[in-house]
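Participant:
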Amino acid sequence: MARLYAKPTDALIYAIDDTSISGSCVGRDVDLFGRAAGQHIIDEFHAADRHDYEPLSPRVLDKTLARLNVLQQSTQGLNAQDVADEIRRTMQQHAGVFRTQASMNEGVQKILALESKVNSLHLADKSQVFNTARIEALEVANLYEVAKATMISASLRQECRGAHTVVDYERAGR
77 MARLYAKPTD
87 ALIYAIDDTS
97 ISGSCVGRDV
107 DLFGRAAGQH
117 IIDEFHAADR
127 HDYEPLSPRV
137 LDKTLARLNV
147 LQQSTQGLNA
157 QDVADEIRRT
167 MQQHAGVFRT
177 QASMNEGVQK
187 ILALESKVNS
197 LHLADKSQVF
207 NTARIEALEV
217 ANLYEVAKAT
227 MISASLRQEC
237 RGAHTVVDYE
247 RAGR
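Here it is in structure tokens:
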């Protein structure tokens, strides 16, 4: 597609190309821009040349189906939200606004230790239609990957600048 579509936190949807558009939370704006962006996506999809897109590789498809199958076949394991809560607590404790290098290093170890829990999720609801429990379990794996990347990269960034406040390092630009 020719454009990137963004949904900012204020619930507006815009088509972004060469310009930046800032929005507001006015109800009419949501209706107007949300509908316009949605209609544009539909029009672009129908007009697109199908040769513009590469087919999904069998390896990627197999990996995705295997991920779903593991959850579907699970007979025991951990509750997804319990594991998600543990990830959140670890991030809040070790990657908060004010950090120390020691705390971040400890956070890396704690996050890495959670991988086995993420891989041991149990899906109690096996229904194939509108299964929010399945979506939540899949989101935990995604949450874990983002938390791991954030924790590791923060611990390797040995400086204090911008929103990355590490009390062990002098503030950049002082």
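Residue numbers (the working numbering): 77 to 250. Where a beta carbon is used, it is the ideal one built from N, C-alpha and C, also for glycine. Quantities reported herein were computed from a predicted structural model and do not represent experimental measurements.
Which same chain residues end up closer than 7 angstroms to residue 184 when comparing Cβ atoms and leaving out the 5 residues on each side of it in sequence?
Facilitator: 227, 228 and 231
Participant: In this structure, does DSSP put residue 140 in helix, strand or coil?
Facilitator: helix
Participant: At the level of alpha carbons, what is the spacing between residue 137 and residue 194?
Facilitator: 21 angstroms
Participant: Using only CA atoms, which one of 209, 197, 190 and 122 lies nearest to residue 221?
Facilitator: 190
Participant: From which residue to which residue does the alpha helix (DSSP H) around residue 205 run?
Facilitator: Premise fails: residue 205 is in no alpha helix (DSSP H) and is neither H nor E.
Participant: Pick out whichever of 159, 148 and 114 has its Cα sitting closest to the Cα of residue 187.
Facilitator: 159
Participant: The alpha helix (DSSP H) that contains residue 192, what's its start and end?
Facilitator: 191–194
Participant: Exposed or buried, which one is residue 162 when buried takes at least 16 other CB atoms within 10 Å?
Facilitator: buried
Participant: Within its chain, find whatever has a CB closer than 6 angstroms to the CB of residue 212; leave out the 5 residues flanking it on each side and keep chain order.
Facilitator: So the list reads 156, once near-sequence residues are dropped.
Participant: What's the gap between the Cα of residue 146 and the Cα of residue 246?
Facilitator: Using only the alpha carbons, I get a separation of about 47 angstroms.
Participant: Which residues in the same chain as residue 107 place their Cβ atom closer than 7 angstroms to its Cβ, once the five residues preceding and following it in sequence are excluded?
Facilitator: Annotation note: pLDDT 49 at residue 107 (below 50); position unreliable, no value reported.
Participant: Contact defined as beta carbons within less than 8 angstroms: I believe residue 148 pairs with residue 202. What is the distance between those atoms, to the nearest angstrom?
Facilitator: 6 angstroms
Participant: So, are the CB atoms of residue 244 and residue 168 less than 8 angstroms apart?
Facilitator: no
Participant: What whole-angstrom Cβ distance do residue 154 and residue 197 have, given they're in contact under 8 angstroms?
Facilitator: 6 angstroms
Participant: Measure the Cβ-Cβ separation of residue 216 and residue 175 and say whether it is below 8 angstroms.
Facilitator: No, they are not a contact pair.
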